[in-house]
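Numbering-wise, the working numbering puts 979 at position 344 of the sequence shown, and it's gapless, one number per residue.
C-beta atoms are modelled at their ideal positions from N, C-alpha and C, and glycine is treated no differently.
Just below is one structure, and these are the notes that go with it.
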Amino acid sequence: MVVVQVVVVQVVVAQIIMTGMATPTVILILILILMLMLMLMLMPTLIDDLTIVADVNVDGVVNASEIGTDRTVTVRIGLGADAQTGNVITVNDTDYTVDAEDLTNGFITAAVDANTQGDLTIDVSATDIEGNTATDTVSVTVDTTPRNIVGDLSVVADINADDLLNAGEIGADGLVNVRVNLGPDAALGHTITVNGTDYTIDADDLTNGFITAEVDATTEGELDITASVTDAEGNVDTSTDTVTVDTIVDDLLGDISITADFNSDGFINADEAGDGSIAVQVGLGDDAIAGTVVSVNGTDYTVNTTDLTNGYIVAEVDADEEGLLDINVAATDTDGNVATDVTSVTVDTGLPQVPALTLAGLIDSGTLGDNITNDNTFTLGLSADLEAGATLSYQISTDGGTSWTNTDAAQTGLADGSYQFRAVVTDEAGNVATGTAVSVGIDTVLPEIPGALAFSADNTVLLGEGEAGTTVQVRDADTNELMATTTVNENGQYAAVNAAGFAGRSLRLVAIDTAGNTADTGTTDPVEGTNGLVTVVQNAVANLSDDSAISPTSTLINNLADPDSSTLSGLTGIVEQLTDTDQPVLGSITELVDALTAANSGGDENLGALINTLNAVAGFLGSSDPDAIAAATDNLDILLGAGDGTTVVSDILNETVAGGNQIVSELLGGSIGINIDAGGLDELVNTAGLGDVVNGLTGILNPILTGLSIPLQLLGINLNLADITNGLVTAVDNLLSGEEVIQNGVAQATGVLDEVAAGLLSDGALLDELIDVLGLDGLGGVVNTLVSSVLSPIVNSVVDLANGEGILLPPNPGPGNSSTLLDELSTIVNDLTGGDDTNLIPVSNLLDNVIRNDDFVLGDIVNSLNDLTNTDDGALGVLTQLIQGLYNSDVTGLEDLTQGLGGLLNGLLDQTVQPLIDGVFEGIQPMPDMAGDDMLVSGLTNETFVGGEGADSLMYMLLSETDNTGGNGSDTWRDFQVGNTATDNQADQIDIGELLVGYNGDGSAASLDAYITVTQNGANTVLSIDRDGEGGAHASADLLTLTNVNVDLDTLMVNQQILL
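Laid out in structure tokens, this is it:
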């Protein structure tokens, strides 16, 4: 060190000399330097080099990492050769005593405070034992403040900045992104270390102002994140952040159960799905608290205290889509970790297919396809296989489908009754589908054996009774040939038709019910097609309505009974004259009848024979005894002599009254003359006599027609006395008024006027005129045949007998013979009508019993009466021959003729009717009074109905499928009463239900527009029907005219007066 100093002095001196600076001052300085140097040379060597240990890179700068944590730097002070133990070395005012170890090491170490930034001077001095001091100095710059390169850290994954990283925030790889913001001192190339991973700043980072680092976050608990960078001075710029890693989910969720899946089969069927949402029960874990949000398929449910108590929440999950339904449940704990669970169920709400139910082994013994049968054993089955996994059961109902019970496939020995069966199919999901019910009617009871009531006169129609709804077959009992098939209607009646007729055939009647059970009359007692099963009413009706013969008898009878109908009533006049004791000639019938009445007690022998014969005939009426019928036949044969029958009446009359034979028409013609003045017809007609007789007979005829009304209607006929009377009077008036000789009132010779009147009323003129007046022209068929063959001869003979007599007043009435006949006739009439001195049952009741009583054998009466008037068949037709002979025979005088007529009249009334009333029908209950509620039935022709008092019903039956009115014609109802049937006990009804085809309406007038038309025709209402509605096969036709009624369809329907 001294050498260095000398050299330095030498250099300095040389420099001064060379530069010429050797001035006194310089010289003085040099002397001082030399002295200093000398002193240094004389000082001991205690210390050697000074080394700043912390300045690792010897850059003269001590940075933060080089300074200790105590903010000091270590200085190593080398010991000089003169250093000794005990020397004190002072370093920045801190003394250090050298010890032996220091001498061994050759240095001491001193800690120098470096808290102050900037230059740090380290002064070292050492003093030896002589007090000499050695000093040294070293300087270093303290720079411990790093440059601002690293800014704040942010954990990108900590979305909610709660310093917690849950499982949802940490990626699947366990890494989280950390954003390290760059400070203003950051520069390209700086390397930032984040949790041990280096990231070099590039231009993009500088532009962005940050770098992004990935930090491992797989360890639960606190995660320290450190980002550091070393600046040029070696100082480290550091930024740190700490977050807590918590990826363990709290125990929030328990088990999931699908409440709707009642049977826990993993399917939701239609019943379980309900309205399209299902209930799901989500169990709660131990860590669940009030406020925990549980999400079920996207819908949040907040747990409340009730849920905690229950231990679960209930969620509604949409289940309106078929197929697999995943139910995803999630709950988030306070750290944001999500607990999840999932369960699945299959939604299958589609109903399974149910194949058609089959009835294996069932014999459909009745009508094919209706399943009404007498087979009570069969097996239920299906028409096709079930879908995979489906199950099948069968059910049965015995109450029309109200209740059902399970049953076996095999049905054995079912009791009679109505059953319904159905198949029930359950698919794998539990959906239940019920098939269409199939009805089966078990009926093993035989139907009622059909009965035969009547044949039509031409034997083409068989009327009978049977069980409603059964099919009736009419078969030949010998050959089993099927002759006719029909159905018994709801009233228990049927009509079987065979165009070839049933005459001469033995018939077997077979009833077949809907189940195929059969019952028949057998072959041992067959029904005979020729046994004359034509009821009294059927015969009468057929004859009364035939326009090919005389005007309907009912018309003629009506004229007898209605004296007020007109001043002209020829038949009434005749009858009056026949019974008028004041008439000199015609009144003689009174004498004859009087004698006939006493014939059995001493009267004329010959005339008594007639009564006896008629009594015998009356005796077999109502009897099935063939001996009685044979006796009656024999008696009539005896009466008629040799069986010829053409002269017996003449013989009887000729023996009573002497004289030559004379034709009846000759007796009548010219027997009475009269002069007519200008007064006209009113003065010519015997109105007083007509009135008396008609008043007397009205009581007989009205009850008869009233009693016949229902039976007649069954054949489609309705008779009304007033209409028939008016019609006949009009017809007679038309014929007589049209003749000039009568109309002009010219005086004529005696008998001329009578002959004119007789001519006008004969030769069918009256018949034709009456038919036109009544509108009966055009009738035909069975009705025409019956009238022509039975009643026409009788009625024509009556017209021939009349020949105008009795219509006009005789010119010179004189005193006649007294008689009790009129009194007797009055008594009979009174008795028959139930008068004050009633002795006999009224005729209406008598006929009701004959026609209606079910316990009475009708065939005998029908047979007898039929044969009595049948001129074409049978010995008993002699009654017709007798009457014909009576009217046509040559007689000696008018008195003989009237006596014969009187005997016949009295015999029929007194000796035939009375025994029938008193004997044959004794004890038979009559029909209800026709003044009450009546059932009227339309038939084949144009009929006129009168219901009388009470609420009457007119029923239309289907007599023809093809006819526009169903075969019923066009009818008239003369006393139809309009009124509401619910409140008016006189309101009448019309039943047309059987005529309508394809009507399915609600019964309103609007729904019937296409079927029924109601119009006004003058004072009348016309009901027209189109059976199958507009545009169908049938055309609209007038069905019924309501006379003197003004009503519309709406009113009729509201009143319930049209029945469907």
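Rounded to the nearest angstrom, what separates residue i and residue j at their Cα positions?
i, j, result
"glutamate 1063", "aspartate 896", "13 Å"
"alanine 735", "asparagine 722", "11 Å"
"alanine 1023", "glycine 996", "27 Å"
"threonine 1153", "asparagine 1115", "15 Å"
"glycine 1638", "glycine 1653", "28 Å"
"isoleucine 948", "glycine 1052", "55 Å"
"threonine 1650", "alanine 1087", "42 Å"
"tyrosine 1129", "glutamate 1584", "29 Å"
"alanine 792", "aspartate 859", "14 Å"
"threonine 969", "tyrosine 936", "16 Å"
"leucine 1049", "threonine 1037", "19 Å"
"aspartate 787", "valine 878", "14 Å"
"threonine 1618", "glutamine 1692", "12 Å"
"leucine 1677", "phenylalanine 1611", "6 Å"
"asparagine 1620", "asparagine 1690", "12 Å"
"isoleucine 702", "threonine 709", "8 Å"
"alanine 1019", "leucine 1675", "55 Å"
"glycine 1099", "arginine 1662", "27 Å"
"threonine 729", "valine 697", "20 Å"
"tyrosine 834", "valine 691", "26 Å"
"valine 612", "leucine 738", "The shown model of the chain, from 636 to 1695, leaves out residue 612, and the question about it has no answer."
"leucine 1003", "arginine 1609", "46 Å"
"leucine 1027", "valine 1080", "34 Å"
"serine 760", "alanine 796", "59 Å"
Near residue i, which residues of its chain fall below 7 Å by C-beta distance, leaving aside the five closest residues on each side in sequence?
i, result
"leucine 783", "The identity of residue 783 in the sequence shown is asparagine, whereas the question assumes leucine. Here the set comprises Gly818, Pro819, Asp820, Asp872."
"valine 890", "Residue 890 is actually aspartate in this sequence, not valine. Cβ neighbours of aspartate 890 beyond the five flanking positions: Gly918."
"valine 982", "Ile903, Ala908, Ala954, Glu956, Glu957, Gly958, Leu960"
"alanine 1112", "Ser1141, Leu1142, Arg1143, Thr1158, Pro1161"
"serine 1595", "Gly1601, Gly1602"
"aspartate 1685", "Ala1640"
"valine 1123", "Gly1101, Glu1102, Ala1103, Gly1104, Thr1105, Val1107, Tyr1129"
"glycine 695", "Val775, Thr776"
So what's residue i in DSSP terms, helix, strand or just coil?
i, result
"leucine 1049", "coil"
"valine 1059", "strand"
"isoleucine 662", "helix"
"glutamate 1578", "coil"
"aspartate 859", "strand"
"aspartate 1113", "coil"
"aspartate 839", "helix"
"isoleucine 757", "strand"
"alanine 905", "helix"
"methionine 1118", "strand"
"threonine 768", "strand"
Using a Cβ-Cβ cutoff of less than 6 Å, which residues in the same chain neighbour residue i once the five nearest sequence positions on both sides are dropped?
i, result
"methionine 1688", "Ala1640"
Note down, in chain order, each residue of its chain lying with its Cβ closer than 8 Å to the Cβ of residue i, except the 5 sequence neighbours on either side.
i, result
"isoleucine 836", "Leu817, Ala821, Ala822, Leu823, Gly824, His825, Thr826, Ile827, Ile846"
"glutamine 752", "Val777, Asp778, Thr779, Thr780"
"aspartate 748", "Arg706, Thr707, Asn727"
"leucine 1694", "Ser1588, Gln1624, Ile1625, Asp1626, Ile1627, Gly1628"
"valine 938", "Leu919, Ala923, Ile924, Ala925, Gly926, Thr927, Val928, Val929, Ile948"
"glutamate 855", "Val880, Asp881, Thr882, Ile883"
"asparagine 1681", "Gln1651, Ala1654, Thr1656"
Roughly how far, in whole angstroms, is the beta-carbon of residue i from the beta-carbon of residue j, given that I think they are within contact range, below 8 Å?
i, j, result
"glycine 803", "valine 973", "6 Å"
"alanine 716", "threonine 680", "5 Å"
"threonine 993", "glycine 1016", "4 Å"
"threonine 1607", "phenylalanine 1580", "7 Å"
"aspartate 922", "aspartate 885", "4 Å"
"valine 864", "valine 785", "5 Å"
"valine 1060", "valine 1132", "Valine 1060 to valine 1132, Cβ: 51 Å. No contact."
"valine 931", "alanine 914", "Actually they do not touch by this definition, with Cβ atoms about 11 Å apart."
Checklist line | Whole runs of the alpha helix (DSSP H) within the stretch 726-755, excluding any shorter than 4 residues | finding: 735-740
Check: Fully enclosed by the stretch 957-1037, which beta strand (DSSP E) runs are 3 residues long or longer?
Finding: 958-967, 973-982, 992-995, 1013-1017, 1026-1032
Notebook entry, point to check: Curious, which full-length beta strand (DSSP E) runs of at least 3 residues does the stretch 700-727 contain?
Noted result: Entirely contained in the stretch 700-727, the beta strand (DSSP E) runs reaching 3 residues are, in chain order, 707-714, 723-726.
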